[in-house]
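To start, the structure under review is shown below, and the notes come after it.
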Amino acid sequence: MAGTDLSQFRYYYYNPSVATAAVFCVLFALVTIRHGMLLVKFRTWYFIPFFLGCLFEIIGMAGRAVSAHQTPDWTLGPYIVQSLMTLLAPTLFAASIYMILGRLIRLLDAEQYALIRSKWLTKFFVMGDVLSFLSQGAGGGMLSTAKTADDQDRGNNIILAGLGIQVVFFGFFIITAVIFHIRIARNPTARSYAVVAPWQIFLYILYASSLLIMIRSLYRMVEYGMGTQGPLMKSEGYFYGLDIVLMLIVMILYAWFHPSRIISGGGSAPATRQVDPEAATEGYRMVDSVSVGKHPDIGSSRPVTARDLTQDQRHGY
1 MAGTDLSQFR YYYYNPSVAT AAVFCVLFAL VTIRHGMLLV KFRTWYFIPF FLGCLFEIIG
61 MAGRAVSAHQ TPDWTLGPYI VQSLMTLLAP TLFAASIYMI LGRLIRLLDA EQYALIRSKW
121 LTKFFVMGDV LSFLSQGAGG GMLSTAKTAD DQDRGNNIIL AGLGIQVVFF GFFIITAVIF
181 HIRIARNPTA RSYAVVAPWQ IFLYILYASS LLIMIRSLYR MVEYGMGTQG PLMKSEGYFY
241 GLDIVLMLIV MILYAWFHPS RIISGGGSAP ATRQVDPEAA TEGYRMVDSV SVGKHPDIGS
301 SRPVTARDLT QDQRHGY
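For the sequence shown, the positions run 1 to 317 when full-length UniProt numbering is used.
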């Protein structure tokens, strides 16, 4: 990383905006309330890490607002809070996103299409996420209390290592998800036809959120790699545009398209169509058991095959 001169160290290399921090604190709080309601209503406990990440963003922005209000006489406490909370929140988002893919694979009965067995997939990626979280947390703590230039360089390097771990694991996760998607799109399982849930759309939500978190992590790597003398630490616009706004979008995406629409909590199973196994090789002949789609023959006495359905009806559920 770029060399650091502790004698010139400041908490901020610009005057942070109180108003901007306060606005984002409120926005994060509103979306978090929505997530809390959905979490309790549908008992999607596997999404608790994501909810905790939302809380981290609120606390981080509140700390930043307090810190900005102290300009130019910043104190250590609010600075540490805003720095650590906004640094670590995306790691918690990632943990829940990892869990979703494993559950989706099992839901669609598509174990054979996964690069890693679903039994180990979540454990593997969450393990990487935990390593990333601990590294970034340790580095952030060391950086915020650094008393020498060596301490500050060491803290930056540990954060960089944590971010590097996150980027590597997240990149492999995206590859894993894309390969799974391609395979099941080419050779759908009977279960993928039977499940009455827009799982294909949810995969695109997963891609979008993963890309946003990846962009944010790469930005943070470059920021800490350049050090305090780099341009990214000297402009507040980068912090909001390449981190805070992106994470707010991730939160909004999952509040709008909550995983409970695909993977129910509390042990309840998603609604399914009945699939005639004898007709599976002829295009998954299906007999309607719930209200689905708009095809005129769905719900009638004539068996419906995959060829009867539009592309959206085949893969949009």
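All C-beta atoms, glycine included, are put in the ideal place defined by N, C-alpha and C.
Around the Cβ of residue 69, are there at least 16 other Cβ atoms within 10 angstroms (buried) or fewer (exposed)? exposed
Reduced DSSP secondary structure (H/G/I, E/B, other) of residue 195: strand
Pair every Cβ in the region 58 to 74 with every Cβ in the region 117 to 137, then say whether three or more of these pairs are closer than 8 angstroms. Contact fails between the region 58 to 74 and the region 117 to 137, because fewer than three Cβ pairs, one in each stretch, are under 8 angstroms apart.
Between 258, 61, 171 and 91, which has its C-alpha nearest residue 134's C-alpha? 91
Which residues bound the alpha helix (DSSP H) around residue 181? 149 to 186
Anyone know if the C-beta pair for residue 144 and residue 83 falls short of 8 angstroms? yes
When we look at the beta-carbon of residue 129 and count the other beta-carbons within 10 Å, is it buried (16 or more) or exposed? buried
Rounded to a whole number of angstroms, what is the C-alpha to C-alpha distance between residue 149 and residue 20? 31 angstroms
Spatially closest choice to residue 95 from 76, 62, 51 and 61, by CA coordinates: 51
Between residue 170 and the rest of its own chain, which residues show a CB-CB distance below 8 angstroms, the 5 nearest in sequence each way excluded? Within its own chain, the residues whose Cβ lies closer than 8 angstroms to the Cβ of residue 170, once the five positions on either side in sequence are excluded, are 94, 210, 213, 214 and 217, listed in chain order.
Look at the alpha carbon of residue 239 and the alpha carbon of residue 189, and state the distance between them as a whole number of angstroms. 44 angstroms
Within the chosen definition, does the region 230 to 245 reach the region 193 to 202 through at least 3 CB pairs nearer than 8 angstroms? no
My assumption, with CB atoms under 8 angstroms, is that residue 110 sits in contact with residue 33. Please give the rounded CB distance. With 8 angstroms as the limit, residue 110 and residue 33 do not qualify as a contact, their Cβ atoms being about 35 angstroms apart.
Can you check the region 48 to 72 for any alpha helix (DSSP H) of at least 4 residues that lies completely inside it and give the ranges in chain order? 48 to 69
Taking the CB atoms as reference points, tell me whether residue 24 and residue 61 lie closer together than 8 angstroms. yes
Can you check which of these residues, 13, 26 and 75, is closest to residue 248 by C-alpha distance? 26
Is the beta carbon of residue 260 less than 8 angstroms from the beta carbon of residue 14? no
Sort 181, 127 and 80 by Cα distance to residue 168 and report the nearest one. 127
Tell me the residue span of the alpha helix (DSSP H) that contains residue 247. 245 to 256
So, is residue 37 buried or exposed, given that buried needs 16 or more other C-beta atoms within 10 angstroms? exposed
Alpha carbon of residue 175 to alpha carbon of residue 98, nearest angstrom: 12 angstroms
May I have the straight-line CA-CA distance separating residue 88 from residue 257, to the nearest angstrom? 23 angstroms
Pull up the CB-CB distance for residue 107 and residue 195, whole angstroms please, since I reckon it's below 8 angstroms. 6 angstroms
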